[in-house]
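Here the sequence shown is numbered in the numbering used here, starting from 135 and rising by one per residue. Presented below is the structure to which this report refers.
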Amino acid sequence: MESYSHFPQLSNGKLDLSKIQDAKLMKTKPNRGKGYTAGNSYITEVVINNKPTKLLLDPGAFRSCVGKSFLKTCAPNFEDQLLPIDGIKLNSATSVNLEVERSKYEQLRDAEISLHLTNKQENELYDLLYDHRETFASDKEPLGETIGNEVDIILNIQRHFPPLLRRPAYPESPKSREALGIHIKELIELGVIRKVGHNEEVSITTQVIVAWNNGKSRMVGVFRALNTYTVPERHPIPKIQIDLTQISQAVYIATMDVFKGFNQNLVTPRARKYLSIVVHCGVYEYLRMPFGIKNPPSHFQRMMHEIFPEELPEGWLIIYIDDIIVCSKTWEENMYRLSRVLTKFQSVNMKIS
135 MESYSHFPQL
145 SNGKLDLSKI
155 QDAKLMKTKP
165 NRGKGYTAGN
175 SYITEVVINN
185 KPTKLLLDPG
195 AFRSCVGKSF
205 LKTCAPNFED
215 QLLPIDGIKL
225 NSATSVNLEV
235 ERSKYEQLRD
245 AEISLHLTNK
255 QENELYDLLY
265 DHRETFASDK
275 EPLGETIGNE
285 VDIILNIQRH
295 FPPLLRRPAY
305 PESPKSREAL
315 GIHIKELIEL
325 GVIRKVGHNE
335 EVSITTQVIV
345 AWNNGKSRMV
355 GVFRALNTYT
365 VPERHPIPKI
375 QIDLTQISQA
385 VYIATMDVFK
395 GFNQNLVTPR
405 ARKYLSIVVH
415 CGVYEYLRMP
425 FGIKNPPSHF
435 QRMMHEIFPE
445 ELPEGWLIIY
455 IDDIIVCSKT
465 WEENMYRLSR
475 VLTKFQSVNM
485 KIS
C-alpha cells in the first residue's frame with residue numbers, strides 16, 4: 135500500500151480521539167505545486183483475526199499510510215520486521231472495503247519471538263517454523279493422532295462390576311446442562327468421544343460434572359471409582375530441580391507444548407468400554423485418552439521417551455509430560471535442535487502449540 139503525498143499533519147491533542155476535526159495540514163511543497171487543506175478524522179473499526187480494533191482514519195490527508203521511501207529513512211530494515219495480518223477488512227465512512235493478502239506466516243502469528251534476536255535470526259526462525267508448519271495445531275486440524283501409542287486400561291477385578299462403576303447421570307442445573315451440551319458437541323466434533331448406540335452393551339458408566347471458574351465452564355469426568363480398580367502404569371516423572379539446572383546453562387531457549395496432549399492419544403477398543411460417560415442427553419464413549427483417569431501422565435512421559443530416545447540422553451531436551459524445552463548455547467545449535475524436535479513430532483503425527 136503506497137501513496138504519493140508529503141503533507142505532514144498537525145492534530146489537536148486536547149480533543150477526544152473520536153471527535154478530532156479540522157486536522158490542518160502544514161503548508162509545504164509537494165512534488166507538484168503547493169497545497170493547504172483541512173480534513174476530518176474518523177474512528178473506524180478494523181477486524182483483524184476476528185477481533186475488532188479501533189483505527190483512526192484521516193480521509194482529509196493525501197495519504198494515511200507511510201510510504202516506503204520515508205519509512206526506509208526511519209528504519210532501513212523495516213521489511214524484515216513486518217508482521218503478517220490475515221483477512222483484514224477496513225470499513226470507513228464511505229463504502230471502502232480492502233482485503234489484505236494472506237501471509238504465508240499467518241499460522242505462526244501466536245508464536246512469541248524474543249525481542250533480543252537479530253532480524254536475520256528472526257527470519258531464519260520463521261522460515262524453520264514455516265517449513266514444519268504441519269506440526270502445529272491449527273483451526274482446521276487442532277488434534278493429531280499419535281502413531282503407535284494407543285492407551286490401554288487393565289482392571290484388577292472381573293465382571294460383574296460393582297455398582298460403584300455403574301453410575302447414573304449427575305443432576306445438573308439448567309445452566310450447567312446447557313454448558314455440558316456445548317462441551318459434548320465440541321468433543322464430538324474433535325473426534326474425542328462418540329455417542330453410544332441404544333443397542334450397545336455398556337458395563338461401566340462414569341459421571342461428569344461441570345466446574346465453573348470466573349464464569350467459564352469445564353467438563354470434568356469423575357473417574358475416582360474407575361481409578362481405584364485400574365492397574366497402575368509405572369514410569370518416572372522428571373525432577374524439576376535437574377531441569378532447572380539445564381535451563382540455567384542455556385543461552386537460547388525454545389518452549390512448546392503438545393496441544394491437548396492427552397486427547398492426541400487414541401485408546402484401545404478394550405479401554406473404550408471402560409471409558410463411557412453418562413450425561414442427561416445420553417451415554418458417550420471416549421475414543422481418545424481423557425483427563426482424569428489414572429495413568430495418562432506416566433503413559434505420556436514413557437511415550438515421549440520412546441519418541442526421543444537419542445535426544446533426551448544428550449541433555450539439551452527437557453520434557454515434562456507435555457511441556458517441551460529445547461536448550462542451546464549457540465544460535466546454530468538452537469536451529470539444528472529445533473529442526474530435530476519438530477521433525478520427530480511430525481513423524482508421529484503429533485500437534486504442538
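The beta carbon of each residue, even a glycine, is placed where N, CA and C say it ideally should be.
Outcome for residue i when other beta-carbon atoms lying within 10 angstroms are tallied against a minimum of 16
i    : result
C461 : buried
Y264 : exposed
A345 : exposed
K185 : exposed
A245 : exposed
I371 : exposed
N399 : buried
Q383 : exposed
G449 : exposed
A227 : Here the model assigns A227 a pLDDT of 45, short of 50, so the residue's position is not dependable and the matter cannot be decided.
G395 : buried
I316 : exposed
Spatially closest choice to residue i from the options, by CA coordinates
i    : options                : result
P366 : L400, D286, P447, E320 : D286
V326 : P447, F434, I411, E440 : I411
S307 : P297, I281, S351       : S351
I374 : R243, V330, I455       : I455
Chain-order list of residues whose beta-carbon lies under 7 Å from that of residue i (same chain, five-residue window excluded)
i    : result
P472 : Sequence inspection shows Leu at residue 472; the Pro mentioned does not correspond to that position. Excluding positions up to five away in sequence, the list reads L262, A388, V460.
I247 : E256, L259
H433 : V285, E367
V413 : A303, L314, I318, V342
F479 : T269, I486
D457 : D391
N290 : Y363, V365
R311 : H414
N283 : N399, M437
E334 : none
8 Å Cβ shell around residue i - same chain, five flanking residues per side excluded
i    : result
T379 : none
F442 : L451, I453, V475, K478
E93  : In the structure displayed, the chain extends from 135 to 487; residue 93 sits before or after that span and is not available.
N211 : N253
I381 : I387, I452, I459, C461
V330 : V336, S410, G416, V417, Y418, E419
D514 : In the structure displayed, the chain extends from 135 to 487; residue 514 sits before or after that span and is not available.
H83  : The displayed coordinates of the chain run from 135 to 487. Any statement about residue 83 would go beyond what the structure contains.
Whether residue i touches residue j by CB criterion (8 Å)
i    : j    : result
N429 : G278 : no
I453 : M469 : no
W360 : L299 : It should be pointed out that residue 360 corresponds to Leu in this sequence rather than to Trp. Yes.
V354 : V417 : no
Y420 : R404 : no
V401 : R422 : yes
P424 : L409 : yes
I281 : F357 : no
Whole-Å CB distance - residue i paired with residue j, under 8 Å assumed
i    : j    : result
A271 : S487 : 5 Å
R301 : T362 : Actually they do not touch by this definition, with Cβ atoms about 13 Å apart.
Q435 : H369 : 5 Å
Close-in-space but distant-in-sequence residues of the same chain around residue i (CB under 6 Å, 5 per side omitted)
i    : result
V385 : K463
N165 : A caution first: N165 carries a pLDDT of 46, below 50, which makes its placement in the model too unreliable to give a value.
N348 : none
heavy atom of the ligand FMN below 7 Å from residue i C-beta
i    : result
V401 : Absence of the ligand FMN is noted for the structure shown, with no ligands found whatsoever.
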